[in-house]
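The block underneath contains the structure these notes are about, expressed in structure tokens.
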DNA sequence: ACAGACCGCGCC
DNA sequence: AAAGGGCGCGGTCTGT
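In the numbering used here, the protein residues as written are 179 to 742.
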């Protein structure tokens with residue numbers, strides 16, 4: 179059972195439909211919800227765009243158990259159908275369905291070879307007072323439009339499932355991800371200013387009163403200036419630094435850490451130390467906290483599916499790049515704990531399942547996959563680092579001539595063949611897809627064959643690396659979305675009925691293959707079980723009967739820094 | 001003065 | 001034969 183939702187003139191209208199999208203007569207289900215607060219958890223809400231409707235609803239205390247997000251689903255469907263050039267907003271879909279004039283398309287980002295961008299702030303359904311340009315054409319009844327678009331999408335999802343059985347799961351999981359992202363943005367990550375201050379002062383010295391460099395950072399800058407005999411050196415200026423290093427006789431092409439590290443010169447150590455401190459100060463220092471942390475919570479905006487592979491992106495505060503150096507500031511409030519879990523080495527495990535490579539599948543039985551590869555494929559148990567580099571090279575497209583890569587190819591031919599097939603498809607301008615059916619955008623017309631034979635070859639190989647990586651990165655994202663969807667439901671069952679932002683366990687962080695739940699201490703054990711069960715469910719639903727093992731070990735901690 | 005490119009680097 | 005994938009962000013530099 180589903181309920182279509184649209185707002186008209188400030189009133190919220192609901193219409194029950196069946197799973198195929200056919201309207202049901204009022205009373206047919208034995209109940210007629212009049213507000214979203216009454217929708218039972220087994221009913222799926224159908225609406226134009228979660229990100230537009232749900233934040234206010236959730237802030238008002240209404241928690242939606244499951245939804246079908248028309249915008250998210252349209253994007254997945256268009257990708258599967260190879261219709262990348264068509265708009266994915268509900269308004270654009272409505273125009274296609276009815277022959278109405280199409281809405282203005284968002285501009286492609288330009289620097290990317292695929293087009294156009296999925297991002298558009300416009301929903302054409304006026305669900306929230308938004309920027310102009312989102313209105314449906316005059317005379318269109320929004321609820322009727324939601325009903326019609328949903329029915330159309332359900333038919334297309336059914337068609338997609340005949341090719342990719344997991345496609346409906348993908349639609350449900352990505353819709354759940356949209357709900358989760360709104361909730362996580364609302365709740366925020368607990369952030370202790372006290373601990374953060376202590377970490378910053380330990381590394382940088384006291385907070386400068388009038389801006390400028392903190393004392394410890396300034397001291398290192400002066401040390402560098404003296405060592406390079408350049409009194410006015412600004413180490414933040416890459417050109418200045420490069421010139422100064424060359425004058426000092428260092429044959430450097432760039433000032434990247436990797437290039438500097440191998441050099442033997444007294445300036446290198448303090449320079450790298452300066453870089454580390456300057457980075458901490460600029461990216462996660464006091465100014466950052468004032469901007470992004472309010473009332474003890476860090477509230478970034480999450481963008482599920484913000485990456486073409488289906489990974490989440492974030493806006494504001496660098497939420498997906500919280501450096502290890504400040505993770506100590508993520509501390510649960512008194513009486514509460516953090517339960518943190520990450521799926522170790524998810525991508526090669528997903529690759530094992532997709533390729534059904536018998537050797538690689540067997541290796542996933544080991545807790546440390548890379549150690550297993552070193553021992554079994556390279557015959558050198560001590561060469562874990564080589565094995566890891568070889569595997570990553572296989573998935574990223576580098577590592578030419580790497581002996582480890584050659585050994586992996588001999589030992590795991592099916593896995594490597596899947597990657598190389600994907601790379602060839604990309605080099606030819608084609609599209610590949612994840613295990614649940616998320617498609618990669620084909621290269622835009624003319625991009626691969628642009629000017630210059632040499633350059634064109636480089637672009638083809640670059641696109642091949644993109645598709646090579648897409649198959650594993652996107653499939654890992656499939657797994658993670660299902661994990662999140664399953665975990666969210668389980669946590670809600672643990673919390674029981676009550677207001678949406680009550681004291682029960684909440685997802686507060688998600689980063690590609692890692693989840694964090696903030697929970698009352700008394701429920702910590704149950705949360706650990708929920709995470710374990712959600713991981714097992716994701717592996718079963720996404721990776722099927724491939725018999726691949728994905729470890730997801732949860733730890734109960736007070737602080738993120740205590741995560742093992 | 002402002003916008004966008006570039007660089008370098010944090011995370012996965 | 002050779003090619004490492006995906007992001008976001010801050011500081012500086014460059015062009016207008």
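Note that beta-carbon positions come from the ideal geometry of N, C-alpha and C, so glycine has one too.
According to DSSP, residue i sits in a beta bridge with which residue or residues?
i: residue 492; result: 480
i: residue 692; result: 520
i: residue 247; result: 225
i: residue 697; result: 515
i: residue 571; result: None; residue 571 has no bridge partner.
i: residue 192; result: 183
i: residue 731; result: 520
i: residue 471; result: 476
i: residue 611; result: 617
i: residue 201; result: 195
i: residue 509; result: 737
With burial defined as no fewer than 16 other Cβ atoms inside 10 Å of the residue's Cβ, what is the status of residue i: buried or exposed?
i: residue 665; result: buried
i: residue 705; result: buried
i: residue 696; result: buried
i: residue 327; result: buried
i: residue 165; result: Since the first and last residues shown for the chain are 179 and 742, residue 165 lies out of range.
i: residue 741; result: buried
i: residue 387; result: exposed
i: residue 290; result: Low local confidence applies: a pLDDT of 44 at residue 290 is under 50, so the model's placement there is unreliable, with the coordinate-based value given in what follows. Classification of residue 290: exposed, given that the 10 Å Cβ count is below 16.
i: residue 610; result: buried
i: residue 691; result: buried
i: residue 246; result: buried
i: residue 305; result: In this predicted model, residue 305 has a pLDDT of only 26, less than 50, meaning its place in the structure is not dependable; the value taken from the coordinates is given anyway. The residue is buried, with at least 16 neighbouring Cβ atoms inside 10 Å.
i: residue 407; result: exposed
i: residue 197; result: exposed
i: residue 276; result: exposed
i: residue 703; result: exposed
i: residue 372; result: exposed
i: residue 560; result: exposed
i: residue 292; result: Low local confidence applies: a pLDDT of 46 at residue 292 is under 50, so the model's placement there is unreliable, with the coordinate-based value given in what follows. Answer is buried; the Cβ neighbour count reaches 16.
i: residue 492; result: buried
i: residue 682; result: buried
i: residue 212; result: exposed
i: residue 513; result: exposed
i: residue 511; result: exposed
i: residue 699; result: exposed
What distance in whole Å lies between the Cβ atoms of residue j and residue i, which are believed to be in contact at a cut-off of 8 Å?
i: residue 508; j: residue 325; result: Their Cβ separation, rounded to whole angstroms, is 43 Å, which puts residue 508 and residue 325 out of contact at 8 Å.
i: residue 709; j: residue 732; result: 4 Å
i: residue 551; j: residue 344; result: Not confirmed; about 27 Å, so no contact.
i: residue 635; j: residue 620; result: With 8 Å as the limit, residue 635 and residue 620 do not qualify as a contact, their Cβ atoms being about 18 Å apart.
i: residue 786; j: residue 180; result: Since the first and last residues shown for the chain are 179 and 742, residue 786 lies out of range.
How long is the line joining the alpha carbons of residue i and residue j, rounded to whole angstroms?
i: residue 288; j: residue 655; result: Because the pLDDT at residue 288 is just 39, under 50, the model does not fix this residue reliably, and the point stays unresolved.
i: residue 575; j: residue 643; result: 5 Å
i: residue 652; j: residue 490; result: 11 Å
i: residue 488; j: residue 649; result: 11 Å
i: residue 734; j: residue 543; result: 24 Å
i: residue 249; j: residue 331; result: 10 Å
i: residue 659; j: residue 546; result: 23 Å
i: residue 320; j: residue 266; result: 17 Å
i: residue 191; j: residue 460; result: 48 Å
i: residue 463; j: residue 378; result: 7 Å
i: residue 676; j: residue 260; result: 43 Å
i: residue 515; j: residue 365; result: 15 Å
i: residue 340; j: residue 257; result: 16 Å
i: residue 393; j: residue 400; result: 11 Å
i: residue 637; j: residue 626; result: 6 Å
i: residue 454; j: residue 445; result: 14 Å
i: residue 535; j: residue 591; result: 7 Å
i: residue 183; j: residue 485; result: 28 Å
i: residue 362; j: residue 480; result: 8 Å
i: residue 581; j: residue 558; result: 12 Å
i: residue 476; j: residue 396; result: 28 Å
i: residue 286; j: residue 482; result: A caution first: residue 286 carries a pLDDT of 44, below 50, which makes its placement in the model unreliable, though a value can still be read off. Cα to Cα, residue 286 sits roughly 19 Å from residue 482.
i: residue 457; j: residue 317; result: 54 Å
i: residue 526; j: residue 597; result: 11 Å
i: residue 426; j: residue 347; result: 60 Å
i: residue 568; j: residue 533; result: 17 Å
Say yes only if the C-beta of residue i is nearer than 7 Å to one or more non-hydrogen atoms of the ligand PLP, and no if none qualify.
i: residue 388; result: Ligands in the displayed structure: none, and consequently the ligand PLP is not present.
Exercise for the section: Entirely within the stretch 650 to 688 and at least 3 residues each: give me those beta strand (DSSP E) ranges in chain order. Expected result: List check, beta strand (DSSP E) in window: 684 to 688.
Handout entry: 4 or more residues per run - each alpha helix (DSSP H) lying fully within the stretch 358 to 436
Key = Correct list: 371 to 382, 393 to 405 and 416 to 425.
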